[in-house]
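Numbering (this note's numbering), first residue to last: 11 to 167.
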(Lines of atoms letter the chains of each structure in order from A and count residues from 1; the text may use other names and numbers.)
(Lines give C-alpha, C1' and ligand atoms only; values in the text may rest on other atoms or scores of the structure.)
Protein backbone atom coordinates (compact mmCIF):
# COMPACT_ATOMS: atom_id res chain seq x y z
CA UNK A 1 0.00 0.00 0.00
CA UNK A 2 2.86 2.36 0.68
CA UNK A 3 4.02 1.86 -2.93
CA UNK A 4 0.66 3.13 -4.36
CA UNK A 5 0.72 6.33 -2.30
CA UNK A 6 4.16 7.27 -3.65
CA UNK A 7 2.98 6.94 -7.28
CA UNK A 8 -0.02 9.28 -6.85
CA UNK A 9 2.33 12.27 -6.45
CA UNK A 10 4.24 11.40 -9.63
CA UNK A 11 1.00 11.38 -11.66
CA UNK A 12 0.15 14.87 -10.38
CA UNK A 13 3.60 16.24 -11.26
CA UNK A 14 3.58 14.71 -14.76
CA UNK A 15 0.04 16.08 -15.38
CA UNK A 16 1.24 19.58 -14.37
CA UNK A 17 4.23 19.31 -16.73
CA UNK A 18 1.89 18.30 -19.59
CA UNK A 19 -0.43 21.26 -18.90
CA UNK A 20 2.51 23.69 -18.92
CA UNK A 21 3.82 22.22 -22.21
CA UNK A 22 0.40 22.40 -23.91
CA UNK A 23 -0.11 25.97 -22.65
CA UNK A 24 3.28 27.01 -24.04
CA UNK A 25 2.41 25.55 -27.44
CA UNK A 26 -0.97 27.33 -27.44
CA UNK A 27 0.63 30.69 -26.60
CA UNK A 28 3.23 30.25 -29.37
CA UNK A 29 0.51 29.46 -31.93
CA UNK A 30 -1.58 32.47 -30.86
CA UNK A 31 1.34 34.88 -31.17
CA UNK A 32 2.22 33.47 -34.62
CA UNK A 33 -1.35 33.92 -35.85
CA UNK A 34 -1.35 37.49 -34.49
CA UNK A 35 1.80 38.25 -36.48
CA UNK A 36 0.28 36.70 -39.63
CA UNK A 37 -2.79 38.89 -39.17
CA UNK A 38 -0.62 42.03 -38.95
CA UNK A 39 1.28 41.06 -42.12
CA UNK A 40 -1.98 40.41 -43.97
CA UNK A 41 -3.42 43.76 -42.89
CA UNK A 42 -0.27 45.60 -44.01
CA UNK A 43 -0.39 43.91 -47.42
CA UNK A 44 -4.07 44.77 -47.77
CA UNK A 45 -3.44 48.44 -46.86
CA UNK A 46 -0.65 48.66 -49.46
CA UNK A 47 -2.83 47.10 -52.16
CA UNK A 48 -5.64 49.52 -51.36
CA UNK A 49 -3.22 52.48 -51.51
CA UNK A 50 -1.84 51.31 -54.87
CA UNK A 51 -5.35 50.95 -56.30
CA UNK A 52 -6.34 54.43 -55.16
CA UNK A 53 -3.06 55.80 -56.49
CA UNK A 54 -3.51 54.34 -59.99
CA UNK A 55 -6.97 55.89 -60.20
CA UNK A 56 -5.59 59.23 -59.05
CA UNK A 57 -2.85 59.13 -61.71
CA UNK A 58 -5.51 58.76 -64.40
CA UNK A 59 -7.60 61.52 -62.80
CA UNK A 60 -4.60 63.90 -62.64
CA UNK A 61 -3.72 63.31 -66.31
CA UNK A 62 -7.35 63.82 -67.36
CA UNK A 63 -7.62 66.96 -65.23
CA UNK A 64 -4.46 68.50 -66.70
CA UNK A 65 -5.46 67.50 -70.24
CA UNK A 66 -8.82 69.25 -69.80
CA UNK A 67 -6.98 72.50 -68.96
CA UNK A 68 -5.52 72.50 -72.50
CA UNK A 69 -3.19 75.53 -72.82
CA UNK A 70 -3.14 76.12 -69.05
CA UNK A 71 -1.99 72.57 -68.32
CA UNK A 72 1.19 72.05 -66.35
CA UNK A 73 2.22 69.60 -69.09
CA UNK A 74 2.61 72.49 -71.57
CA UNK A 75 4.85 74.62 -69.35
CA UNK A 76 8.52 75.07 -70.10
CA UNK A 77 11.35 73.97 -67.83
CA UNK A 78 11.80 77.56 -66.63
CA UNK A 79 8.09 77.96 -65.83
CA UNK A 80 8.02 74.73 -63.85
CA UNK A 81 11.22 75.70 -62.01
CA UNK A 82 9.50 78.87 -60.75
CA UNK A 83 7.13 76.77 -58.68
CA UNK A 84 3.40 76.11 -58.82
CA UNK A 85 4.13 72.71 -60.33
CA UNK A 86 2.27 70.75 -57.66
CA UNK A 87 -1.41 70.14 -57.15
CA UNK A 88 -3.46 67.99 -54.80
CA UNK A 89 -5.76 65.20 -55.86
CA UNK A 90 -8.47 63.38 -53.96
CA UNK A 91 -7.84 60.89 -51.13
CA UNK A 92 -4.79 62.79 -49.83
CA UNK A 93 -2.81 62.34 -53.06
CA UNK A 94 -0.15 64.87 -54.07
CA UNK A 95 0.97 65.44 -57.66
CA UNK A 96 4.14 67.12 -58.93
CA UNK A 97 5.02 67.89 -62.56
CA UNK A 98 8.74 67.95 -63.41
CA UNK A 99 10.32 68.93 -66.73
CA UNK A 100 12.50 66.32 -68.41
CA UNK A 101 13.73 68.65 -71.19
CA UNK A 102 17.43 69.35 -71.08
CA UNK A 103 17.35 73.13 -71.20
CA UNK A 104 15.30 75.34 -73.52
CA UNK A 105 16.00 73.29 -76.65
CA UNK A 106 13.16 71.83 -78.66
CA UNK A 107 13.12 68.05 -79.01
CA UNK A 108 11.23 65.71 -81.29
CA UNK A 109 8.60 63.45 -79.78
CA UNK A 110 9.67 59.88 -79.09
CA UNK A 111 7.89 56.97 -80.77
CA UNK A 112 6.32 59.12 -83.45
CA UNK A 113 5.06 57.04 -86.37
CA UNK A 114 4.07 59.89 -88.63
CA UNK A 115 6.46 62.77 -88.04
CA UNK A 116 5.04 66.24 -88.65
CA UNK A 117 7.43 69.09 -89.30
CA UNK A 118 7.20 71.86 -86.71
CA UNK A 119 5.80 69.63 -83.95
CA UNK A 120 8.04 69.24 -80.92
CA UNK A 121 7.56 67.63 -77.50
CA UNK A 122 7.57 69.04 -74.03
CA UNK A 123 8.69 66.04 -71.97
CA UNK A 124 7.46 66.05 -68.38
CA UNK A 125 6.89 63.51 -65.67
CA UNK A 126 4.04 63.35 -63.22
CA UNK A 127 4.93 62.08 -59.74
CA UNK A 128 1.82 61.03 -57.83
CA UNK A 129 2.21 60.02 -54.16
CA UNK A 130 -0.06 58.73 -51.43
CA UNK A 131 0.68 58.00 -47.78
CA UNK A 132 -0.99 55.08 -46.02
CA UNK A 133 -0.81 52.82 -43.00
CA UNK A 134 -0.93 53.39 -39.31
CA UNK A 135 0.04 56.99 -38.57
CA UNK A 136 0.51 57.47 -42.36
CA UNK A 137 4.14 56.37 -42.14
CA UNK A 138 4.38 54.67 -45.57
CA UNK A 139 4.41 56.30 -49.02
CA UNK A 140 3.82 54.89 -52.49
CA UNK A 141 4.77 56.96 -55.56
CA UNK A 142 3.96 56.36 -59.23
CA UNK A 143 6.05 58.21 -61.83
CA UNK A 144 4.45 58.70 -65.25
CA UNK A 145 6.28 60.12 -68.28
CA UNK A 146 4.26 62.46 -70.50
CA UNK A 147 5.18 63.84 -73.93
CA UNK A 148 3.04 66.85 -74.82
CA UNK A 149 3.10 67.67 -78.53
CA UNK A 150 3.48 71.39 -79.24
CA UNK A 151 4.14 73.63 -82.22
CA UNK A 152 7.73 74.78 -82.52
CA UNK A 153 8.48 78.46 -81.91
CA UNK A 154 11.32 78.25 -84.42
CA UNK A 155 9.03 76.97 -87.18
CA UNK A 156 6.63 79.89 -86.70
CA UNK A 157 9.18 82.58 -87.57
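Backbone N, C-alpha and C fix where the C-beta goes; we use that ideal spot for every residue, glycine too. Here the structure is a predicted model, which means the values were calculated and not measured.
Would you be able to state if there are at least three C-beta pairs under 8 Å between the segment 138 to 152 and the segment 50 to 66?
Counting Cβ pairs under 8 Å, three or more are found: they touch.
Output needed for residue 155: all residues of its chain with C-beta closer than 6 Å, excluding positions within five of it in sequence on either side, in chain order.
So the list reads 135, once near-sequence residues are dropped.
Return yes when the Cβ of residue 99 is within less than 8 Å of the Cβ of residue 69, no when it is not.
Yes, they are a contact pair.
In whole angstroms, give me the CA-to-CA distance for residue 159 and residue 90.
Spanning the two alpha carbons is a distance of roughly 17 Å.
Bridge partners for residue 47 per DSSP, in chain order?
BP columns for residue 47 are empty, so no partner.
Residue 168 to residue 162, Cα distance in whole Å?
Because residue 168 is not part of the residues shown, which for the chain are 11 to 167, the question remains open.
Tell me residue 83's beta-bridge partners as DSSP assigns them.
Looking at the DSSP assignment, residue 83 forms no beta bridge with any residue, so it has no partner.
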